[in-house]
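Chains as they are written, first to last, in the working numbering: chain P, 4 to 695; chain G, 22 to 71.
Here you go:
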C-alpha cells in the first residue's frame, strides 16, 4: 500500500496596508518562507509553507497590501491579477485569508466586499481586536459571520492570539461565499452579458466582468492590456448603455458596496458615542508636534546610532580577532608565496574587513524594523513631509528615500508609485544621497581612525551627522532640480497614521535574518571576487629587482599606477595615491573601500603579524613624516562617501528605471562632482581655519 | 609548495573571480546583487491571455 502525499492548498493573505498581514504571515510560516519577485515587475513575492490542525500542508502567499481591486499601483495590480488567476507564475488561491483591521472595520470591509465577489472561499482574520475594544468599538462576531457568510476569526496577531482558531477555520471545508454586495439591476445585467464574452474560468467571470465594467483607469482598458479588441468594445458599449440609463458605471458599484458595508456595520458593530482620545492620539500630539516631534525624531536616531556602536562592539571585536587568527593560521600553514599572500592579504583581509560590520548592519535593521513595526515610521514620514514639501519633493518620495537608508536600489524601485514623471526623476536622482547600509563600514572605519578613544556618544554623533549631511544634500539637490531641470507642481501627501502597537519581535528578527543573509552572501560572492581582483592588481606586475621593498612593489603594481594616475585629482582633498586605490576599488561597491585599504596595507606590511586596520591606518605617514589620515582627511573621506555614487548596481537600476543612459550618467557625474566639492570644502576649509 | 603549483592556484583564483563577473554579465541578471534582496529578472512582463 502506498500513501499519497496530501494535496497542498494555496492560500493567499490579502488586506489593507498596515492591518497586520505580514505579522500573520510570519507567525504562520516562521523561517519556512522565501522572498523573490513576480517575474517582469519589481513587486516582492513572499511565499511560505505551514500546516493546518490536521497536519495538512498549505502554501501561503503574502499579497501586497491594497485597499481595493481597483488598481492604482503595480503592487495592487499584482494582488488583483493573482486573485483573478491571471498570472502564469502563481496559481489562483484556493482560499483567501482577508486580514481586517478591527479598529478600522468600515474601510477594511471594502476589500472584503470585493473579495467575496471573486467566488473564492474567504476566511476573515479580524485583527487588532484589542485596539478596537480600547477605542470603544464592540463587534458582534456571530452577526458579522452571518452577514458576511464566511468564517470570522478574532485575532491579536502581535500577541499570538487567534492562530489556532485561524488554522482550525482553514482546516474545515470552506464553501465559496454565499452572498456579496448586491449591485444595481442595470449593472448586474451588463455584468452577465460581459461575463459571457470572457475567456476565463467560470468562477472568475463575474468578478472579471464587474472589474472590466467599472474600471476607472483607462490604461487598463486598452487592447494592449486586455489582448482582445472585441472585449474592449463590449465593455465600452456596456458603459455607454449604463450612462444612457443614468447609471454611473464607476461610482454605482462603489456606492452599492458601501451601502452593503453600512448595513453590515449597523448590525454587527457598536461604537462608543464619543470615542475616547486613544493613547495613539495622545502620543501623536507629541510625536508629530512641529518642535517636539523633531526632538523625538533626533532622539530616536541618536539612540539607534549609539546602540549600533555600543552593542556591536563586542561581536565586532570577536570577528576582528577571528579574522586575524584565520590570516595568521593561513600564513603558518600555507607555504610562502603568492598563493599564501592571496589567501591572507586578499581573501581573508578583503572579506573579513567587510564581514566585521555584520553586527552593526544587523542592529541597524533591528531598529529600522522596530520603528516600522511600532508605527513610528509613518510619524517620521509626517514630520519629514513638512520639509520635503518646502523643497518641492513629492510626499510619496518619503518611502523611497527611507528605503534608500537600507539600499538605494529598492528605494529607486519604490519610486514607481509616484505618478508624475518629473517628481519620480527628482526622487531617483537624490535617493542615492541617503546613507545606505554599505556606507556604514566606511563611516565606522573612518570614525575609529579619527577618534580612537571616543565615547559611543561621540561616535554616534559623528555617524548621525553623516546621515544628516546626506539628507540635507538630498533636499538641497531636489530643490535645485525642481527649480531648474524638472519644474513641476508639488502635490499634497495623503498619509495614513496607523495606531501605535507593540512590535512583533518575530517580524523584526526575521527581517534582520534576511538582511544578514544578504550581506553575508554578498561578502561571499561579489566582495570575495573583487578582493581577489584587487589583490592581483596590487601584486602584479612583480618588480624585477628582488631587493624592492613591499611599499615600492605596490607603488609599481597596476593598482598603484592607477592610484598615482588619479593622485593629481585627489591631492587637493588631502588624499594620497593609496586612498586613490581605495576610491577606484570602491566604485563597484562602497564597502569595498574598507577591504581595499586592508589589502593595500597588509601587502605593504607583509612581514608583520595582522593588526587592526584602524591602527595601521592611524600610524600611516607620508614621506615627510606627516600622518596620512589626519582628522580633516578622515572627515573629508566620510563626506566624500556620503555624496559620491560609488555603486555600479545603483547606476544599472537607474538606467533600467529611466530607460536611458542619460540620467544615470548625469547622476554619477553630479554626485561625483558634489562629493569632490564636499571633501574639498572640508579639507581646504578646515586648513584655512587652522585645523589639521 | 612548488612555484608552478603556486602560480596555478593564483591563476585559477584570479580567473575564477573574473569568470564570476563575466558570468553575471552574460547570463542575464537573476539577482541585482546590490544587497537589497530583490531578484529582478530581465524578462518582459507576462500576462495570461484571456
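Glycine included, C-beta positions come from ideal geometry on N, C-alpha and C. The model shown is predicted, which means the values in this text are computed figures rather than measured ones.
- Of all residues in the segment 29-45 of chain G, the ones placed with a Cβ closer than 8 Å to any Cβ belonging to chain P are 30, 31, 34, 35, 37, 38, 39, 41, 42, in chain order.
- Along the segment 335-362 of chain P, the positions whose C-beta sits under 7 Å from a C-beta of chain G are 338, 340, 341, 342, 345, read in chain order.
- The beta carbon of residue 80 of chain P lies closer than 6 Å to those of 74 in the same chain, with the five residues before and after it left out.
- From the beta-carbon of residue 235 of chain P, no residue of chain G is found nearer than 8 Å; the closest lies around 11 Å away.
- Taking each of P:593, P:603, P:663 in turn and checking the Cα distance to residue 643 of chain P, the smallest one comes out for P:593.
- Chain G has a Cβ within less than 8 Å of the Cβ of residue 539 of chain P.
- Counting the other Cβ atoms within 10 Å of the Cβ of residue 193 of chain P gives 16 or more, which makes it buried.
- Considering only P:679, P:368, P:363, the residue with the shortest C-alpha distance to residue 645 of chain P is P:679.
- In this model, residue 206 of chain P and residue 307 of chain P are separated by some 51 Å (Cα to Cα).
- Interface flag for residue 530 of chain P against chain G is unset, since no Cβ pair is found closer than 8 Å.
- Residue 135 of chain P has its alpha-carbon roughly 32 Å from the corresponding atom of residue 367 of chain P.
- As the crow flies, the alpha-carbon of residue 319 of chain P is around 32 Å from that of residue 161 of chain P.
- Judged by DSSP in its simplified three-state form, residue 54 of chain P adopts strand.
- One finds nothing in chain G with a Cβ atom closer than 7 Å to the Cβ of residue 103 of chain P; even the nearest lies about 29 Å away.
- Residue pairing by DSSP places residue 62 of chain P opposite P:13, P:52 in a beta bridge.
- By the C-beta criterion, the segment 429-443 of chain P is judged to be in contact with the segment 408-420 of chain P, since at least 3 inter-stretch pairs fall below 8 Å.
- Taking a cut-off of 8 Å for Cβ pairs, the segment 524-541 of chain P and the segment 584-602 of chain P touch, as three or more such pairs fall below it.
- Comparing alpha carbon positions, the residue from P:364, P:549, P:562 closest to residue 523 of chain P is P:364.
- CA-to-CA, the gap between residue 82 of chain P and residue 50 of chain P works out to about 13 Å.
- The criterion of a C-beta distance shorter than 8 Å is not satisfied by residue 255 of chain P and residue 114 of chain P.
- The shortest C-alpha to C-alpha distance from residue 180 of chain P to any of P:157, P:563, P:116 is the one to P:116.
- Linking residue 23 of chain G to residue 604 of chain P through their CA atoms gives a straight-line distance of about 27 Å.
- Here residue 537 of chain P is actually not in contact with residue 619 of chain P; their C-beta atoms are around 17 Å apart, not less than 8 Å.
- Restricting attention to alpha helix (DSSP H) runs no shorter than 4 residues, the segment 284-355 of chain P encloses them at 295-336, 341-344, ordered along the chain.
- Here residue 245 of chain P is buried: its Cβ has 16 or more other Cβ atoms, across all protein chains shown, within 10 Å.
- Rounded to whole angstroms, residue 86 of chain P and residue 14 of chain P show a C-alpha spacing of 10 Å.
- Positions of the alpha helix (DSSP H) runs, each at least 4 residues long and wholly inside the segment 413-495 of chain P, are given as 424-433, 442-453, 459-486 in order along the chain.
- Under the DSSP assignment, residue 99 of chain P falls in the beta strand (DSSP E) whose first and last residues are 98-104.
- Residues 105, 157, 158, 159 of the same chain have their beta carbon placed closer than 7 Å to that of residue 132 of chain P, with the five preceding and five following residues left out of the count.
- Rounded to whole angstroms, the separation of the alpha carbons of residue 291 of chain P and residue 692 of chain P is 39 Å.
- Apart from the 5 residues on each side of it in sequence, residue 501 of chain P sits with its Cβ closer than 7 Å to the Cβ of 21, 378, 381 in its chain, given in chain order.
- Excluding its 5 nearest sequence neighbours in each direction, residue 454 of chain P has C-beta neighbours in its own chain below 7 Å: 461, listed in chain order.
- Listed as beta-bridge partners of residue 130 of chain P by DSSP are P:104.
- Contact note: residue 535 of chain P reaches chain G through 34, 35, 38, using a C-beta cutoff of 7 Å and chain order.
- The segment 28-46 of chain G and the segment 340-347 of chain P touch, with three or more beta-carbon pairs separated by less than 8 Å.
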